[in-house]
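Take 1 as the starting number for the sequence shown in this note's numbering and just add one per residue.
Below you'll find the structure, written out as structure tokens, and then a few comments.
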Amino acid sequence: MDTPFTFEQETDLNAWYDQLNSAWQAKIADPNSPESLSLAEAEAYWEAEREYYHDRFLYADIF
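In structure tokens form, the structure reads like this:
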């Protein structure tokens, strides 16, 4: 059974999340950071995969 967070725990968790999110935003804003490069690589891979499946099923004679 899940125990709900206390007000203090929820406040601490929200503060930690905000700090983590702020750090992430700062790192991906720098185009030369490893995080930014990794994100760009993942986005390029996702876009290539999306195009592959889009073209494969768009032009397929299965329907």
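Quick reminder that beta carbons are idealized off the backbone N, C-alpha and C, glycines included.
Note that the structure is predicted; figures quoted are calculated from it, not measured.
DSSP-derived helix/strand/coil call for P34: helix
Collapsed DSSP secondary structure at D12 in the structure displayed: helix
Contact check, L20 vs I28, beta carbons under 8 Å: no
Rounded C-alpha distance that separates A42 from R50: 12 Å
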